[in-house]
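The numbering of the sequence shown is the numbering used here, which starts it at 387 and goes up by one.
Ideal Cβ positions, reconstructed from N, Cα and C, are used throughout, including at glycine.
Taking it in order: structure first as structure tokens, then the write-up.
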Amino acid sequence: MTMQNSTNCCAETEGKFALCTLLADASNYNPDTLDLYQDQEAQRYWFACFTQMLLKFERQALNSQPKDETAKVRAEQFRNHCVEEFSKLKNGKSNFTTLGIRNLLEVVESALKRYGFHDPWKEQKAIENDASINLLNQRLCQLDQLTCVREKWTEVIRGVLAGNMFDWGAQAVTQILETNSSFGLQQALDRIQKRPWLIDNLDGWLQRIEGEPHRCAIIFTDNAGIDFVLGIVPLVRELLKRNTKVLLCATVNPAINDITFSELVKVIEVCCEQCEVLRKSYFDEHRLVLLGNDQIGPCLDFRMLSSELCAAIDRNGVDLLVIVGMARALHTNLNAKFTCEAFKLAVVKNEWLANRLGGETFSVVCKYES
387 MTMQNSTNCC AETEGKFALC TLLADASNYN PDTLDLYQDQ EAQRYWFACF TQMLLKFERQ
447 ALNSQPKDET AKVRAEQFRN HCVEEFSKLK NGKSNFTTLG IRNLLEVVES ALKRYGFHDP
507 WKEQKAIEND ASINLLNQRL CQLDQLTCVR EKWTEVIRGV LAGNMFDWGA QAVTQILETN
567 SSFGLQQALD RIQKRPWLID NLDGWLQRIE GEPHRCAIIF TDNAGIDFVL GIVPLVRELL
627 KRNTKVLLCA TVNPAINDIT FSELVKVIEV CCEQCEVLRK SYFDEHRLVL LGNDQIGPCL
687 DFRMLSSELC AAIDRNGVDL LVIVGMARAL HTNLNAKFTC EAFKLAVVKN EWLANRLGGE
747 TFSVVCKYES
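And the structure:
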């Protein structure tokens, strides 16, 4: 079955998957950056990290259902189930020949659903979406004051990166957000790494953006709130202003505080009230298309995209792929090659991973491949 809100808004809900034709070498594609079966240092760190994170997930699950007397027991069952599954994976008692961080995240999200916690961050996301929408017009006006193309696009990309700080799945960020309620986009812009970045291909992108517009871009979104509204929406707007069609993709299934497809539809419609470019592109011209991807967890496996999404990619002749966030662009797809231009954007919000990549916490990955 396919849900359709309009001709430019659909998400597949039946779990039909297909291989994405944007992969340059599908037979050798491996989404995972790390193999925890081959990398013992990584295995020790990430299993310990996830085991510790389960306490936070358990607490969030419990707090999301304060009026349900069974929530405490189910939250404990969720954590115990994950511990058991992690033990099986660590000891090789599974069908996996390789093991990525993607698989650990899938365990967590599947277990939350199994024990009746469909979207523990739903209320938090709604609050952050509303607060961010109130700041959208201000952010767009800031960008419009920049008349130099390279300067404006630099600030747009910095906004995407700063927005990516707002990830409740990253412990380094959670500590900031829980102790500083006034931490916003400007504070994030000040906190992320200054150029040159850990991976810094921004100049290549700026040179490309001075050339012919792209035909069609697909953007895989990450977190709700500031990340999406103040980071991704301005990026979408600038692409639309170049007459580039934009396919905006969100997860159908809840994953930590990632924006879901249903939330994406609601937020975009409200954003259209504040921006004529968005409104005209979405409602009148259908150059802004919203799509859902039915995978489990926040990572991205291009071997198993929703078939409706793959069809849209082929039908629209996508020539620019934008992947945002640690899960989709670092834990998976950092080394993946594609047949079109690819832009991978993320802030490294984990000290171990930052060190492994040769940087520090809050280092920036801006990887543009033409």
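- According to the DSSP assignment, CYS635 belongs to the beta strand (DSSP E) that extends over 631-637.
- Under the 8 Å Cβ criterion, the stretch 673-683 counts as touching the stretch 695-707, having at least three qualifying pairs.
- The continuous alpha helix (DSSP H) containing ILE513 extends over residues 508-530.
- Boundaries around TYR431 are those of the alpha helix (DSSP H), 426-449, since no beta strand (DSSP E) includes it.
- About 7 Å separates the CB atoms of ASN515 and GLU649; that is less than 8 Å, so the two are in contact.
- In the DSSP assignment, LYS476 falls outside any beta strand (DSSP E) and within the unbroken alpha helix (DSSP H) covering 457-476.
- Below 8 Å, too few C-beta pairs join the stretch 549-566 and the stretch 582-594 to call them touching: fewer than three.
- When rounded, the separation of the alpha-carbon atoms in LEU526 and ALA497 is 39 Å.
- Contact check for LEU485 against TYR423 passes: the beta carbons are separated by less than 8 Å.
- If you look at LEU706, you'll find it in the beta strand (DSSP E) that goes 706-710.
- If you draw a straight line from the Cα of GLY502 to the Cα of ASN481, it comes to about 26 Å.
- Given a length threshold of 3 residues, each whole run of the beta strand (DSSP E) inside the stretch 576-653 is given here in chain order: 602-606 and 631-637.
- In this structure the stretch 703-715 does not touch the stretch 576-583; the number of beta carbon pairs closer than 8 Å is below three.
- Taking each of ASN719, ALA740, GLU737 and ASN736 in turn and checking the Cα distance to LYS730, the smallest one comes out for ASN719.
- For ARG460, the CB contacts under 6 Å within the same chain, skipping 5 residues up- and downstream, are TYR501 and GLY502 in chain order.
- Selection THR533, VAL559, CYS435 and ASN477 evaluated against VAL494 yields CYS435 as nearest (Cα-Cα).
- Taking C-alpha positions only, ILE612 is separated from LYS442 by approximately 22 Å.
- Below 8 Å, enough C-beta pairs join the stretch 603-610 and the stretch 628-641 to call them touching: three or more.
- The alpha helix (DSSP H) runs of length 4 or more contained entirely in the stretch 693-746 are, from start to end of the chain, 693-702 and 737-742.
- Remark: C-beta atoms of LEU616 and LEU522 approach each other more closely than 8 Å.
- In this structure, CYS685 places its C-beta atom within 8 Å of the C-beta atom of PRO417.
- Shown here for PHE569: same chain residues with a beta carbon closer than 7 Å to its own, the five before and five after excluded, namely ILE562 and LEU563 in chain order.
- Here ARG628 is actually not in contact with VAL663; their C-beta atoms are around 11 Å apart, not less than 8 Å.
- Judged by their CB atoms, HIS467 and PRO640 are not nearer to each other than the 8 Å cut-off.
- Just measuring C-alpha positions, the residue of ASN736, SER667, GLN524 and GLY744 sitting nearest GLN557 is ASN736.
- Pairing LEU575 with ARG544 gives a Cβ-Cβ distance under 8 Å.
- Excluding the 5 residues flanking it on each side, ALA457 has same chain C-beta neighbours closer than 6 Å at LEU448 and GLN451, in chain order.
- Beta-carbon to beta-carbon, LYS499 and ASN643 are separated by about 16 Å, too far to satisfy the 8 Å threshold.
- Its chain contains GLY590, ARG594 and GLU727 as the residues whose beta carbon lies nearer than 7 Å to that of SER756, once the 5 sequence neighbours on both sides are disregarded; these appear in chain order.
- Shown here for ARG430: not one same chain residue has a beta carbon closer than 6 Å to its own, the five before and five after excluded.
- The secondary-structure analysis by DSSP pairs LYS753 across a beta bridge with LYS730.
- Nearest in C-alpha terms to TRP738, of all of THR407, GLU427, ASP411 and ASP670, is GLU427.
- The bridge partners DSSP lists for ALA412 come to none.
- If you draw a straight line from the Cα of GLU471 to the Cα of GLN660, it is about 46 Å long.
- ALA556 sits in coil when the DSSP states are folded into three classes, being neither helix nor strand.
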